[in-house]
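The structure appears below as structure tokens.
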Amino acid sequence: MAKTPAQKKETTGQSKPASPSKPTGESGPTIQSDRNGEDPIEVDSRVSKMQPTQCDLYISITIVISNGFCGPQATDNDSAYGEELHTVRLTFYVSSTYTASLTSSVQDYRIENGRRYHAYRDGKYLLPNDEDESDRLDMAHELCLKVMQGKLFLAPIGPSPSRVIDLATGTGIWAIDFADKYPSAEVIGNDLSPTQPTMVPPNVKFLVDDIEDDWGYEKTPFDFIHARYLCHSIKDFKKLIRQAYNCTKPGGWVEFQDWDCRIRSEDGSLEGTALQRYYTEVVNAFERAGYPASPGRYLEEWFREAGFVDIHVRKYPVPMSVWPKDPYYKEIGAWLRVIVSEAFEGGAMAVLTRYENWKPEEVTVLAAGAKNDLKNRDIHAIMDFWVVYGRKPE
Numbered sequence: 047m048a049k050t051p052a053q054k055k056e057t058t059g060q061s062k063p064a065s066p067s068k069p070t071g072e073s074g075p076t077i078q079s080d081r082n083g084e085d086p087i088e089v090d091s092r093v094s095k096m097q098p099t100q101c102d103l104y105i106s107i108t109i110v111i112s113n114g115f116c117g118p119q120a121t122d123n124d125s126a127y128g129e130e131l132h133t134v135r136l137t138f139y140v141s142s143t144y145t146a147s148l149t150s151s152v153q154d155y156r157i158e159n160g161r162r163y164h165a166y167r168d169g170k171y172l173l174p175n176d177e178d179e180s181d182r183l184d185m186a187h188e189l190c191l192k193v194m195q196g197k198l199f200l201a202p203i204g205p206s207p208s209r210v211i212d213l214a215t216g217t218g219i220w221a222i223d224f225a226d227k228y229p230s231a232e233v234i235g236n237d238l239s240p241t242q243p244t245m246v247p248p249n250v251k252f253l254v255d256d257i258e259d260d261w262g263y264e265k266t267p268f269d270f271i272h273a274r275y276l277c278h279s280i281k282d283f284k285k286l287i288r289q290a291y292n293c294t295k296p297g298g299w300v301e302f303q304d305w306d307c308r309i310r311s312e313d314g315s316l317e318g319t320a321l322q323r324y325y326t327e328v329v330n331a332f333e334r335a336g337y338p339a340s341p342g343r344y345l346e347e348w349f350r351e352a353g354f355v356d357i358h359v360r361k362y363p364v365p366m367s368v369w370p371k372d373p374y375y376k377e378i379g380a381w382l383r384v385i386v387s388e389a390f391e392g393g394a395m396a397v398l399t400r401y402e403n404w405k406p407e408e409v410t411v412l413a414a415g416a417k418n419d420l421k422n423r424d425i426h427a428i429m430d431f432w433v434v435y436g437r438k439p440e
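This note's numbering numbers the first residue of the sequence shown as 47 and each following residue consecutively.
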């Protein structure tokens, strides 16, 4: 297998700010398709095995991944290209109901077009919060561990952080993993939905909260603030990052990890495809609704404006299917294909039907076309994953 130092871009607080019209690190490496004989690109060291979190109870499922199918009952006939199928065993904790005292209004979820949505601040978050979405988010967590060499974060926070918050924690899986790694730290996870498990380390607590409201943590600041996957969910990133700055201890760190949903290809193979049309329609709809869909490329600029120093930026190009020649890229591409395929319809349904007057069946057709394109290894789509972290001056 090839060596794996990943393409990355790193800057310090002395660098010139990036402008929104020309994002930092826009050009990425060339990821070679396995349809040619060229040498694969060198990428970061690989994570070959996933480790379960140290919770009380686990559930394991086996997913078989091929070029044309991902599911628990795949056969050789399901491979679009007759290649060997790959089996991945996933181990997750079993979720239960949230233990905090919750009013009925918080749990009175909206059911719409076959999916469940949050009740607190109804309509603010446009993706589902049901079990299917929770499973997808947990898979996305495992993908990020693979992309980031098994690391939960990149910021140099030191060995003994005492107070940490995970913004918009989702299923809480990042907060739980962090609490296992740092048992002396107080770890908070907040979200609009109370969908986190009860079987968690004793140093974790989850809160129902809207992170776009004014915070109340200035008198009890954090050593480390973490946020991930906020694209499509936050309207004012600049305000959010300023609040994170204000609620960080002097010398503390803030790290945001996010996708750039304006997907790309390096060889023009994305042009004119159903996959490109899907992302164009959905990204534009979210942005017209006021939700930046590609925050990753602008995080460095927003961190600098908020006052952070020692800012570091890394961009990881992630293929959206199994077309790369290099085994590392092929593996993470298989993961991302499953994750985005599961999100196509649910991720587009609310924004297109509520804001763009689409009919549900039109969204279904749009999503089906995009999903079908991910099986085509001649379409070399890439989605960039950005990690930006900075320090509050002492």
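We put the beta carbon where it would ideally sit given N, CA and C, even for glycine.
The straight-line gap separating the alpha-carbon atoms of R437 and Y324 is approximately 37 Å. M194 and T410 have their alpha carbons spaced roughly 33 Å apart. At a Cβ-Cβ threshold of 8 Å, V250 and V233 count as neighbours. Between V433 and L200 the beta-carbon gap is near 6 Å, inside 8 Å, which marks them as a contact. Just so you know, the alpha carbons of A396 and L173 end up roughly 7 Å apart. Cβ-Cβ distances below 6 Å link F390 to A413, A416, K417 in the same chain, with the five nearest sequence neighbours on each side left out; the list follows chain order. Checking the DSSP bridge columns, you'll see W305 partnered with F431.
In the displayed model, A273 falls within a strand according to three-state DSSP. Per DSSP, L398 is one residue of the alpha helix (DSSP H) stretching across 373–401.
Of the candidates I203, V328, T399, the residue whose Cα lies closest to the Cα of G297 is I203. Look at the beta carbons and you see the segment 280–287 touching the segment 337–356: at least three pairs across the two are nearer than 8 Å. DSSP links W299 through a beta bridge to F270, R437. One alpha carbon belongs to P243, the other to V359, and they sit about 32 Å apart. Counting of Cβ neighbours within 10 angstroms places E188 among the buried residues, the total reaching 16 or more. Per DSSP, the continuous beta strand (DSSP E) segment holding I157 begins and ends at 156–158.
Excluding its 5 nearest sequence neighbours in each direction, S180 has C-beta neighbours in its own chain below 8 Å: S141, G216, T217, T241, listed in chain order. For the pair P248 and P207, the Cα-to-Cα distance works out to about 16 Å. Relative to the Cα of C293, the nearest Cα in the group E333, S311, A352, R310 belongs to A352. DSSP lists R209 as the bridge partner or partners of E232.
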